[in-house]
Amino acid sequence: MYVSARDRRILDELLAYPEGVTIGHLAEVLDVSERTIHRDLASFDNLLHPYELFLEKKAGRGLRLTGSKTRLQQFREDLEQAKHFDFLPEQRQLLLTHKLLTATEPVKLQALASDLHVTNATVSTDLDKAAEWLESYQLSLLRRRGSGIQIAGDEAAKRRAIRGLLSDHLGETELLRFIRRHTVPGGTPRTQSISDQLLGFVQTERLEQIETAVEKLNHTLTRPIADSSYIALVVHLALAMERIQQGENVQMKEELLDRLRPTPEYKKAAELARQLARIFQADIPEAEIGYITMHLRGAKLQSEELLQTADHMDAVLLVKRLVRHVSLNYGIDFSSNPSLEQGLTAHISPALYRLEQQMKIHNPLASAVKENFPDLFAAVQEAAGHIFEDLDVPEDEIGFLVMHFGSALETGNEHKTFRAFVICSSGIGSSKMMSTRLRKEFPQIKEIHQLSLFELTETAPAADDLVLSTIALDNPGLDYIQVNPFLTAEDTKKIEHYIGLKTAASVHVSRPSSGNHPEKTTLESLQSQLETTIRLMQHVTIVQETTSSDFRTSMYNTMKFLEGENLITDAGKTAEELHKREKLSGVGIPGTTFTLHHARSPAVNEPLFLILERRNAEPAAAMDGSVIQARRICIMLAPENMNEQEAVMLSHISGMMVKDEKSKKLFAEGTEEQIKQFMSEEFLSLYRS
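For the sequence shown, UniProt numbering assigns the number 1 to the initial residue and increments by one for each residue that follows.
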């Protein structure tokens with residue numbers, strides 16, 4: 001069962017007053033209007049029906065819950081145990097800003113406190129932080145005693161803030177999935193969640209027609225725009241049509257329109273606007289066409305081919321100057337790297353336009369990039385300031401540029417003495433832990449692949465490859481050894497002997513070249529790695545167990561939470577997959593108070609990592625055969641058909657958890673913020689390897 005904070009308050013009042021309460025009483029207690037109470041009550045039938053309870057309305061007495069005593073008691077107990085995840089401060093500020101941006105009239109402080117289930121003082125503190133964020137969009141927060149709180153600013157700024165809220169807190173994958181879900185017949189309704197409230201900005205009824213029009217436009221472009229820009233344009237148009245039909249129009253300076261009208265993007269934008277005007281029977285002002293044009297001109301190109309057209313020659317020259325200045329500042333010659341110039345040209349062409357028009361871009365790893373590559377960051381920032389002269393280049397843009405230069409520092413592939421395949425049941429958990437130890441203990445192993453049992457059937461290791469498994473394999477023809485995920489002294493000797501035999505046998509054997517290195521950090525894979533990392537980091541969270549329950553129930557409740565967030569499609573099936581994996585071998589990390597449960601399942605929509613913190617510790621079998629007292633349950637989930645980059649990133653999480661004693665302590669005791677910071681830094685280390 002899931003109920004919102006306000007619904008919970010209403011139900012508490014109804015249960016506390018079995019003789020009945022009036023609408024006026026409920027409105028007074030919650031400090032909202034009677035109309036709001038009526039609207040909330042409309043959704044109670046679905047909640048009460050399974051308990052055979054009814055909301056009875058009697059003149060003079062108001063409302064009361066009716067039903068058998070047994071069913072009322074069961075409902076009361078279930079309500080008390082219903083999952084209620086308190087919002088983190090960042091989430092509260094996010095929801096608070098969302099409510100204010102969508103409000104058509106001032107909102108009372110008490111109403112916000114009631115919705116967020118916190119005190120007035122907490123909301124006031126959150127409002128201070130929200131005000132700082134709004135200032136970056138040239139918006140201000142007005143707080144008037146007696147009338148309430150509202151956001152002041154022009155319409156264009158409000159739209160930018162709404163889009164910023166979406167891009168800052170919802171990944172491209174989630175936004176694209178949301179758009180597709182509501183445009184593909186038969187999509188399942190989303191349950192209430194923070195994401196749902198954010199996505200409430202967008203009228204789902206309009207999305208199908210808008211996306212169809214944008215897709216048609218995209219097919220006419222020489223180079224289709226990338227997913228991120230595609231999503232931004234669809235969301236922009238959905239918001240624009242919503243606001244236009246509410247009578248809210250944007251303004252654009254005539255001189256800027258004069259600059260946009262001659263461009264080919266303006267013609268495309270005007271054509272798109274005409275289609276939308278016909279579809280929605282609305283007058284679309286030229287200023288809206290101007291903003292559509294800006295989206296097209298600021299779009300990221302889908303391919304990173306070197307652009308030699310006249311329109312992009314300025315960007316090519318800027319890149320050459322930038323590379324030269326960074327080379328001088330950093331002390332390394334980047335000028336002989338054509339792939340670097342190619343990637344930078346594709347990035348800078350739209351980035352330059354974004355800078356000129358003060359259009360924001362979001363880079364969630366910017367601060368971590370700055371911290372981990374301070375010298376390179378400083379060199380790129382100084383060079384960008386010199387090259388772009390009067391333009392203000394934000395650190396988010398600098399961060400993306402640094403990633404391009406960072407990838408160019410790759411020194412090339414070393415000769416790999418041995419290639420090893422490490423096998424576990426899912427390919428993402430214990431195998432990575434063993435891989436981390438292998439790199440430390442056996443430097444002659446230069447290339448390591450983590451595989452699941454299923455992937456092993458599609459892989460043919462060479463005669464001189466090492467195959468190490470954490471579980472018994474039913475493959476008589478395969479030369480492998482079975483070892484513990486946490487390599488014991490006996491395991492180490494076994495591997496040394498195994499390597500010795502392979503070394504002797506490989507003297508006259510020619511190794512086939514490795515076709516695909518799963519951890520390569522070439523320029524071509526850099527963007528994919530970054531996008532995969534961002535998606536993973538968006539869902540990293542610590543879920544606090546609110547009531548004591550047995551382990552299976554606790555795990556199932558956590559899966560129901562993920563199902564409610566639409567991150568998985570079947571809580572029961574996913575929980576069962578996790579239990580199956582647990583039966584194969586120990587899941588506890590030796591010497592710690594946490595376990596790692598992982599599984600691959602068709603019910604999982606995208607790679608996920610989260611931590612369940614239980615109220616009480618319980619014994620758990622560890623990977624070395626010992627028993628630990630587990631308080632935290634680390635959960636790693638992967639879709640059935642994940643791509644190479646997703647597999648690499650998930651396996652990297654397993655490795656970072658046992659990197660050293662400090663990392664073990666962090667995952668056992670650290671806060672969500674500390675763990676996310678550490679993970680961001682570790683992911684960035686991939687780009688340096």
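Yeah, the Cβ is synthetic: ideal placement off N, Cα and C, and Gly gets one too.
Ser-43 sits in coil when the DSSP states are folded into three classes, being neither helix nor strand. Between the beta-carbon of Asp-464 and that of Lys-502 there is about 6 angstroms, and that keeps the pair under the 8 angstroms contact cut. According to the DSSP assignment, Gln-138 belongs to no beta strand (DSSP E), since it is labelled neither H nor E. As for any alpha helix (DSSP H) of minimum length 4 sitting wholly inside the UniProt domain "PTS EIIA type-2" (535-682), the runs are 551-564, 571-584, 644-657, 661-669, ordered along the chain. Closest option to Gln-110, judged by alpha-carbon separation, among Val-32, Ser-601, Leu-95: Val-32.
In this model, Thr-293 and Arg-159 are separated by some 16 angstroms (Cα to Cα). Here the alpha carbon of His-597 sits roughly 13 angstroms from the alpha carbon of Met-657. Going by DSSP, Val-380 is part of the alpha helix (DSSP H) stretching over 374-387. The DSSP-derived three-state label of Val-118 is coil. Shortest Cα-Cα distance from Pro-476 to any of Gln-138, Thr-488, Thr-457, Gln-677 involves Thr-457. Boundaries for Ile-332: no alpha helix (DSSP H) harbours it, and the DSSP string shows neither H nor E there.
Taking a cut-off of 8 angstroms on C-beta distances, the region 97-104 does not touch the region 17-36, as fewer than three cross pairs fall below it. In terms of CA proximity to Asn-337, Lys-320 leads the group Lys-320, Arg-143, Glu-613. Excluding five sequence positions before and after Thr-595, the CB atoms of its chain that fall closer than 6 angstroms to its own CB belong to Val-587, Gly-588, Ala-620, Ala-630, Ile-633, given in chain order. The beta-bridge partner set that DSSP reports for Gly-406 is empty.
Per DSSP, the unbroken alpha helix (DSSP H) holding Ile-292 starts and ends at 286-297. Take Ile-611, set aside five residues on each side of it, and the residues of its chain with a beta-carbon closer than 6 angstroms to its own are Ile-542, Arg-632, Cys-634, in chain order. Between Ala-603 and Lys-583, the CB-CB gap reaches or exceeds 8 angstroms. Bridge pairing for Ser-469: Ile-423, Gln-482 [DSSP]. Cβ atoms of Leu-376 and Phe-405 come within 8 angstroms of each other, at about 6 angstroms. Between the alpha carbons of Pro-639 and Leu-608 lies a gap of roughly 9 angstroms. Comparing C-alpha distances from Asp-283 to each of Arg-261, Gln-245, Lys-267 shows the shortest one belongs to Gln-245. A Cβ-Cβ contact shorter than 8 angstroms links Asn-249 with Ala-287. Take the alpha-carbon of Leu-221 and the one of Glu-208: they are about 20 angstroms apart. Apart from the 5 residues on each side of it in sequence, Glu-382 sits with its Cβ closer than 8 angstroms to the Cβ of His-325, Asn-329 in its chain, given in chain order. Residue Glu-606 holds the alpha-carbon nearest to the alpha-carbon of Asn-641 among Glu-606, His-497, Thr-671, Val-627. Distances from the alpha-carbon of Arg-144 to those of Pro-106, Met-537, Leu-276, Gly-67 put Pro-106 closest.
Taking all protein chains in view, the Cβ of Gly-290 is crowded by 16 or more other Cβ atoms within 10 Å, so the residue is classified as buried. Sorting Glu-397, Leu-352, Lys-69 by C-alpha distance to the C-alpha of Val-369 places Glu-397 at the top. Lys-58 carries a strand assignment under DSSP once its states are collapsed to helix, strand and coil. Nearest to Val-235 by C-alpha distance, out of Ile-210, Leu-256, Arg-259, is Ile-210. From the listed residues Pro-50, Phe-421, Leu-344, the smallest Cα separation to Ser-68 is found for Pro-50. Listed in chain order, the non-local C-beta contacts of Pro-590 below 8 angstroms within the same chain comprise Phe-486, Ala-622, Met-623, Asp-624, Ser-626, Ile-628, local neighbours out to five positions each way being set aside.
Within its own chain, the residues whose Cβ lies closer than 8 angstroms to the Cβ of Glu-271, once the five positions on either side in sequence are excluded, are Leu-217, listed in chain order. Residue environment for Asp-258: exposed (fewer than 16 other C-beta atoms within 10 angstroms of its C-beta).
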